[in-house]
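Engineer: Numbering-wise (numbering that gives the first Met the number 0), the sequence shown opens with residue 0 and increments by one.
Note that beta-carbon positions come from the ideal geometry of N, C-alpha and C, so glycine has one too.
Have a look at this one before I ask anything.
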Amino acid sequence: MAAESGKKWVLTVTAQTPTNIAVIKYWGKRDEDLILPINDSISVTLDPDHLCTTTSVAVSPAFTHDRMWLNGKEVSLSGGRYQNCLRELRSRASDVEDEEKGIKITKKDWEKLHVHVVSYNNFPTAAGLASSAAGLACLVFSLAKLMNVKEDHSKLSAIARQGSGSACRSLYGGFVKWIMGKEENGSDSIAVQLADEKHWDDLVIIIAVVSSRQKETSSTSGMRDTVETSMLIKHRAKEVVPKRIIQMEEAIKNRDFPAFARLTCADSNQFHAVCLDTLPPIFYMNDTSHRQEPFFNSSFINVIVPHFYLPIISCVEKWNRHEETPQVAYTFDAGPNAVLISHNRKAAALLLQRLLFYFPPQSDTDLNSYVIGDKTILKDAG
Ligand code: DP6
């Protein structure tokens, strides 16, 4: 390898991966090491301009061990999940040649070379906004590019899955299904794209951030406790989700918003019911009593209110009941932040009006964040 001559070169790749929001949730594993789920799940991948991870990966003969920095702080890569991804990628690496720099790395060299990873989330990490999904998907994608891994997205999704389950769905845009699979080695537990980002592009997703604090119970330990202690999860995984997956696929295919909204809200509510059915109970929607500073400067509206989730659920439910067909769907992941999906820009405009009415901005800073949302989300609202 030209690597030995002088140890001066560095080869880098940078990639950006958006996060995804599950509308039929993944909760519970049948294999903790391989990260194999107990049910299929479906998600929407967000626009990469907003909630995303940017990762640069570098390789150089001068690097003495694998290292990673997340949001400017060094984090350990020694964890089993990172190691599993690195091992899978290294074993599939191919020759890389950069004539300009005089670099030639053979397949065998990748076993000895070390990588450095620098990753940055443009949204709060571990606050229930699926940061691990974007982060691990981006890590796997950028390393695969660097190492010239010649696998398609579905194979890469099976590697990203071993970093964090929900990450496998972030390798595709649009609507994505994570098939739980049957094989013990996880080879068929992969993500597939159900429809691309253009298929239903009048949907508007609004994220109402009530807390950027890290959640107290991580998804990993929460779902482990649920699988060990909840009776409801068994019913959910066996009886409820398989039917909902078929119905959700149909709703997405036909752009049937009433069915999509009904299933999305019901699945979010059942996910949180299953969390409550866990011993000790997990309250992901309970952690909203402190005001936080706004942090988004994108088109996502940043609503800062204490005890937000109950008003938002009842506000959406009442509104939907009042109209001929549902206008908005809500879903909450493992945290108190609300993800609201409206069926077009007009409904999004009305939703923002309602949010402003029920939760008026209480300071100039709050107002700024509303105005940012207003400008970018509402500019074309009919
Ligand atoms: C509530 O993918 O973060 O967001 O596989 O243990 O890393 P691990 O868990 P993670 O769980 C996400 C759970 C969820 C629902 C979902 O995204 O489907």
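C84 to L135, Cα distance in whole Å?
Structural biologist: Your numbering for residue 84 matches position 85 in the sequence shown. Your numbering for residue 135 matches position 136 in the sequence shown. Going from the Cα of C84 to the Cα of L135 covers about 9 Å.
Engineer: For the beta strand (DSSP E) that D97 lies in, which residues bound it at each end?
Structural biologist: Here residue 97 refers to the residue found at position 98 when the sequence shown is read from its first residue. Counting along the chain, the beta strand (DSSP E) containing D97 begins and ends at 95 to 97.
Engineer: Report the three-state DSSP secondary structure of E182 (helix, strand or coil).
Structural biologist: The residue labelled residue 182 in the question sits at position 183 within the sequence shown. Coil, per DSSP.
Engineer: Of the choices A328, N268, I340, whose alpha-carbon is the least far from that of G334?
Structural biologist: Counting from one through the sequence shown, the residue named residue 334 turns up at place 335. Comparing Cα-Cα distances from G334 to each of A328, N268, I340, the minimum goes to N268.
Engineer: In whole angstroms, give me the CA-to-CA distance for H271 and A347.
Structural biologist: Within the sequence shown, numbered from 1, the residue matching residue 271 stands at position 272. Within the sequence shown, numbered from 1, the residue matching residue 347 stands at position 348. In a straight line, the C-alpha of H271 is about 25 Å away from that of A347.
Engineer: Taking 8 Å as the cut-off, does the stretch 190 to 208 touch the stretch 222 to 235 (at least 3 CB pairs, one atom from each stretch)?
Structural biologist: Output reads no: the stretch 190 to 208 does not touch the stretch 222 to 235.
Engineer: For T263, which residues of its own chain have a beta-carbon under 6 Å away from its beta-carbon, when the five flanking residues on both sides are left out?
Structural biologist: Residue numbering aside, residue 263 sits at position 264 when the sequence shown is read from its first letter. Counting only Cβ-Cβ distances below 6 Å, and skipping sequence neighbours, we find V22, A328, T330.
Engineer: Which residue's Cα is closest to the Cα of G71: E183, D97, R86, T52?
Structural biologist: For the purposes of this step, residue 71 is taken as the residue at position 72 of the sequence shown. If we check each option's Cα against that of G71, T52 comes out closest.
Engineer: Looking at A159 and V139, is the spacing between their C-beta atoms short of 7 Å?
Structural biologist: Residue numbering aside, residue 139 sits at position 140 when the sequence shown is read from its first letter. Residue numbering aside, residue 159 sits at position 160 when the sequence shown is read from its first letter. In this structure, A159 lies closer than 7 Å to V139 by Cβ.
Engineer: For D30, write down the residues that DSSP places opposite it in a beta bridge.
Structural biologist: As a first step, residue 30 must be located in the sequence shown, where it is residue number 31. According to DSSP, which records beta bridges pairwise, D30 is partnered with L35.
Engineer: Is it the case that the stretch 173 to 190 contacts the stretch 315 to 329, given that we only count it when at least three CB pairs across the two stretches are under 8 Å?
Structural biologist: Taking 8 Å as the limit for Cβ pairs, the verdict is that the stretch 173 to 190 does not touch the stretch 315 to 329.
Engineer: Are S188 and L88 touching if we call contact CB-CB under 7 Å?
Structural biologist: Here residue 188 refers to the residue found at position 189 of the sequence shown. Here residue 88 refers to the residue found at position 89 of the sequence shown. No, the pair does not count as a contact, with Cβ atoms beyond the cut-off.
Engineer: Measuring straight from C-alpha to C-alpha, what distance separates V203 and P47?
Structural biologist: Residue mapping note: residue 203 aligns to position 204 of the sequence shown, counting from 1. Residue mapping note: residue 47 aligns to position 48 of the sequence shown, counting from 1. Their backbone Cα atoms lie some 14 Å apart in a straight line.
Engineer: Whole alpha helix (DSSP H) runs in the stretch 211 to 284 with 4 or more residues, listed along the chain?
Structural biologist: Within the stretch 211 to 284, the complete alpha helix (DSSP H) runs of at least 4 residues are 218 to 228, 231 to 234, 240 to 252, 256 to 275.
Engineer: Let's test the definition: count the other Cβ atoms within 10 Å of the Cβ of L278 and tell me whether it reaches 16, buried, or not, exposed.
Structural biologist: Here residue 278 refers to the residue found at position 279 of the sequence shown. L278 should be labelled exposed.
Engineer: Can you give the Cα-Cα distance for D65 and N147, rounded to whole angstroms?
Structural biologist: Walking along the sequence shown from the start, residue 65 turns up at place 66. Walking along the sequence shown from the start, residue 147 turns up at place 148. Straight-line Cα distance between these residues: approximately 18 Å.
Engineer: I want to check one thing, is the minimum distance from the CB of G164 to the heavy atoms of the ligand DP6 below 6 Å?
Structural biologist: For this step, residue 164 is matched to residue 165 along the sequence shown. Flag set: Cβ of G164 near the ligand DP6.
Engineer: A333: beta carbon under 6 Å from a heavy atom of the ligand DP6?
Structural biologist: Walking along the sequence shown from the start, residue 333 turns up at place 334. Yes, the ligand DP6 has a heavy atom inside 6 Å of this Cβ.
Engineer: So, at 8 Å on beta carbons, what are the nonlocal neighbours of M230 in its own chain, with the 5 sequence-adjacent residues on each side left out?
Structural biologist: Looking up residue 230 in the sequence shown gives position 231. Same-chain partners within the cutoff: D276.
Engineer: Would A333 count as contacting chain C if we go by Cβ distances under 7 Å?
Structural biologist: Looking at the structure shown, chain C is missing, and only one protein chain is on hand.
Engineer: With a cut-off of 8 Å on the beta carbons, I'd call T37 and G27 a contact; round off their distance for me.
Structural biologist: Along the sequence shown, one-based indexing puts residue 37 at 38. Along the sequence shown, one-based indexing puts residue 27 at 28. The sequence shown places Ile at residue 37, rather than the Thr named in the question. That pair is a contact at about 4 Å.
Engineer: For Q82 and A92, what's the separation of their Cα atoms in angstroms?
Structural biologist: Locating residue 82 in the sequence shown gives position 83, where the first residue counts as 1. Locating residue 92 in the sequence shown gives position 93, where the first residue counts as 1. About 15 Å.
Engineer: Which residue marks the beginning of the alpha helix (DSSP H) containing V66, and which one marks its end?
Structural biologist: Taking the sequence shown and counting its residues from 1, one reaches residue 66 at position 67. Reading the sequence as shown, one finds Arg at residue 66 and not Val. It is not in any alpha helix (DSSP H) - R66 instead sits in the beta strand (DSSP E) that spans 66 to 69.
Engineer: Go ahead and label Q352 buried or exposed: buried means 16 or more other beta carbons lie within 10 angstroms of its beta carbon, across all protein chains shown.
Structural biologist: Translated into positions along the sequence shown, residue 352 becomes position 353. Exposed, because fewer than 16 other Cβ atoms sit within 10 Å of the Cβ of Q352.
Engineer: On the DSSP bridge list, what partners appear for A92?
Structural biologist: The residue you call residue 92 lines up with position 93 of the sequence shown. Answer is none; A92 lacks a bridge partner.
Engineer: Cβ-heavy atom distance between S229 and the ligand DP6 below 6 Å?
Structural biologist: Along the sequence shown, read from residue 1 onward, the residue named residue 229 stands at position 230. Flag unset: Cβ of S229 not near the ligand DP6.
Engineer: The ligand DP6 heavy atoms versus the CB of K188: any closer than 6 Å?
Structural biologist: Taking the first residue of the sequence shown as 1, we reach residue 188 at position 189. Lys is not the amino acid found at residue 188; the sequence shown has Ser there. No, the beta carbon of S188 sits no closer than 6 Å to any heavy atom of the ligand DP6.
Engineer: Find the nearest neighbour of S118 within the set S131, P325, F282, E96, judged by alpha-carbon distance.
Structural biologist: Locating residue 118 in the sequence shown gives position 119, where the first residue counts as 1. Out of S131, P325, F282, E96, S131 has the C-alpha closest to the C-alpha of S118.
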